[in-house]
Amino acid sequence: QKMEAIGRLAGGIAHDFNNLLTVINGYSELLLKAAGSEHPWFEKIAQIKRAGERASALTSQLLAFSRKQIVQPKPLNLNHVLHDMEKILKRLIGEDIELLILYDKNLGTIKADPTQIEQVILNLIINARDAMLKGGKLTIELKNQFINANLAREYAGISKGWYVKMSVSDTGIGMDQETIKHIFEPFFSTKEKGKGTGLGLSTVYGIVKQNGGYIQVYSEVNHGTVFHVYFPIVDAKEMSSASHEIHQKNLTGTETILVVEDEESVKDFIITTLEELGYHVFYASNLSEAEKLFKMQQSKIDLILTDVIMPGGSGGDLSTKLREIKPDAKIIFMSGYTGESIARHGILPEHTQFIQKPFSTEDLAIKIREVLSK
1 QKMEAIGRLA GGIAHDFNNL LTVINGYSEL LLKAAGSEHP WFEKIAQIKR AGERASALTS
61 QLLAFSRKQI VQPKPLNLNH VLHDMEKILK RLIGEDIELL ILYDKNLGTI KADPTQIEQV
121 ILNLIINARD AMLKGGKLTI ELKNQFINAN LAREYAGISK GWYVKMSVSD TGIGMDQETI
181 KHIFEPFFST KEKGKGTGLG LSTVYGIVKQ NGGYIQVYSE VNHGTVFHVY FPIVDAKEMS
241 SASHEIHQKN LTGTETILVV EDEESVKDFI ITTLEELGYH VFYASNLSEA EKLFKMQQSK
301 IDLILTDVIM PGGSGGDLST KLREIKPDAK IIFMSGYTGE SIARHGILPE HTQFIQKPFS
361 TEDLAIKIRE VLSK
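Position one of the sequence shown corresponds to residue 1 (this note's numbering), numbered consecutively onward.
Right, dumping it as structure tokens:
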């Protein structure tokens with residue numbers, strides 16, 4: 001219940017944050033392209049973009065424990081993920097803690113959002129580091145493990161089958177059983193006031209569950225703690241997607257797009273991006289404007305790009321009206337709200353094309369080509 005309550009709160013603020021980040025990240029990306037690497041302000045603009053991306057990651061972390069993030073899962077080998085993160089992890093834990101990573105050359109492939117998996121690893125590593133104030137040893141071990149029917153019953157919520165097991169163990173102060181009961185609750189922290197948010201392990205829990213996995217913890221006071229995280233193994237060959245093919249194609253176009261967005265700054269950024277990609281653009285700031293414009297220009301409009309929740313109605317309401325006029329109208333919905341808020345309002349039809357704010361210019365270009373090519 002606590003997690004649901006905080007998730008609802010996060011959903012409310014996420015819309016505003018993500019609209020702002022769409023503008024900040026989007027314009028910084030356009031500025032970088034326009035300036036070129038020789039421009040004296042190139043690195044300063046790049047820093048703005050990196051800061052915006054970090055802010056997006058923070059918003060994702062806040063939403064992750066409620067298990068309502070819009071995720072972009074792809075085939076992942078945790079060997080590669082950890083290898084790429086190894087230098088960062090060593091800097092993060094400091095010189096007085098020994099880091100040992102045990103890889104498995106035959107490790108299976110999982111399907112997950114890379115940003116989420118990095119969040120899991122970072123949060124577990126930070127948790128282990130903070131438990132070893134006088135130094136110690138931190139071990140990460142990867143292996144394949146089969147969960148049989150008996151274990152699946154014991155590990156509530158998962159199915160039998162093959163999993164990638166990631167174990168993160170430390171030689172720190174450990175936890176008592178009472179603490180272990182509460183560690184996955186949002187805002188529960190054993191750290192001093194101001195030293196931790198209490199969101200780290202609840203974030204880990206939400207991500208693991210969202211990806212069909214399971215997490216266990218064992219701990220002994222003054223001996224250390226180990227977290228075992230299980231992610232289901234998938235067949236990498238079955239996971240090739242059309243989006244990879246889209247990446248290889250030209251992302252420009254000459255079609256006409258109707259943009260429906262009530263936030264002026266977001267609308268301006270989207271129009272700028274679409275025009276640079278070669279599209280013709282009509283725009284409206286509310287549902288009635290959009291409906292009138294569509295009735296007048298329906299023969300010219302190839303695609304509608306609309307915000308989900310706006311004053312006076314929803315993108316779902318608009319799609320219903322527009323498809324009464326043109327049943328095969330192609331529509332992409334966009335929103336800074338969480339998936340939970342959208343589902344709770346019941347405002348999107350099934351099999352909807354959706355893009356989560358904040359998105360990059362490339363994300364938007366790929367999504368548009370994907371929908372127009374169908």
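C-beta atoms are modelled at their ideal positions from N, C-alpha and C, and glycine is treated no differently.
- Message: Judging by CA-CA distance, which residue of G336, K143 and S37 is the nearest neighbour of D104?
- Response: K143
- Query: CA-CA distance, E255 and D170?
  - Reply: 57 Å
- Query: Cα separation between N150 and Y163?
  - Reply: 15 Å
- Task: Please list, in chain order, all residues of the same chain as I140 whose beta carbon is under 6 Å from its beta carbon, the five residues on each side excluded.
- Result: I101 and V168
- Item | Pair within 8 Å by beta-carbon distance, L89 and A112 | no
- Task: Give the straight-line distance between the Cα atoms of G135 and F42, rounded to the nearest whole angstrom.
- Result: 41 Å
- In terms of residues, what are the limits of the beta strand (DSSP E) holding E141? G136 to I147
- Query: Could you give the C-beta distance for F359 and T59, rounded to a whole number, given that I count them as a contact under 8 Å?
  - Reply: At roughly 13 Å, the Cβ-Cβ gap does not stay under 8 Å, so F359 and T59 are not in contact.
- Decide if D307 is buried, meaning its Cβ has at least 16 other Cβ atoms within 10 Å, or exposed. buried
- Task: Decide if S373 is buried, meaning its Cβ has at least 16 other Cβ atoms within 10 Å, or exposed.
- Result: exposed
- What are the boundary residues of the alpha helix (DSSP H) that includes L89? L78 to I93
- Simplified DSSP assignment, three categories, for Q210: helix
- With DSSP collapsed to three states, give me the class of W225. Note that residue 225 is Thr in the sequence shown, not Trp. Strand, per DSSP.
- Query: For T109, does the three-state DSSP call read helix, strand or coil?
  - Reply: strand
- Using the Cα positions of I215 and T179, report the straight-line distance between them to the nearest angstrom. 16 Å
- Query: Does the Cβ-Cβ distance between G335 and Q356 come in under 8 Å?
  - Reply: Sequence check: residue 335 is Ser here, not Gly. Yes, the pair counts as a contact, with Cβ atoms nearer than the cut-off.
- Query: Which class does F359 belong to by DSSP, given the choice of helix, strand or coil?
  - Reply: coil
- For D84, which residues from the same chain have a beta carbon less than 8 Å from its beta carbon, with the 5 sequence-adjacent residues on both sides left out? none
- Task: To the nearest angstrom, report how far apart L18 and N25 are at their CA atoms.
- Result: Note on residue identity: the sequence assigns Asn, not Leu, to residue 18. Between N18 and N25, the C-alpha separation is close to 10 Å.
- Use the C-beta contact count for M166: other C-beta atoms within 10 angstroms, 16 or more gives buried, fewer gives exposed. buried
- To the nearest angstrom, report how far apart D235 and T109 are at their CA atoms. 7 Å
- Mind checking G312: buried by the 16 CB within 10 Å criterion, or exposed? exposed
- Task: Counting only the same chain and skipping the five closest in sequence on each side, list residues whose C-beta sits under 7 Å from that of A365.
- Result: L251 and L277
- If we ignore side chains and look at the alpha-carbon of each, how far apart do F231 and G212 end up? 7 Å
- Could you give the uninterrupted runs of the alpha helix (DSSP H) lying entirely in the region 252 to 310, keeping only those of 4 residues or more? 264 to 276 and 287 to 297
- Query: Should S28 be labelled buried (16 or more other beta-carbon atoms within 10 Å of its own) or exposed?
  - Reply: buried
- Message: Taking the alpha carbon of G206 as the reference point, which residue from F294, N79, V120 and K326 has its own alpha carbon closest?
- Response: V120
- Task: My understanding is that I301 touches F282, with C-beta atoms under 8 Å, so please give their C-beta distance in whole angstroms.
- Result: 7 Å
- Within 10 angstroms of its Cβ, does R129 collect 16 or more other Cβ (buried), or is it exposed? buried
- Message: Less than 8 Å between the beta carbons of E98 and L138, yes or no?
- Response: yes
- Message: So V259 and V229 are supposed to be a Cβ contact under 8 Å. How far apart are they, rounded?
- Response: Not a contact, Cβ separation roughly 42 Å.
- Straight-line gap, R91 to I117 (C-alpha atoms, nearest Å): 19 Å
- Task: Tell me K165's beta-bridge partners as DSSP assigns them.
- Result: K143 and Y230
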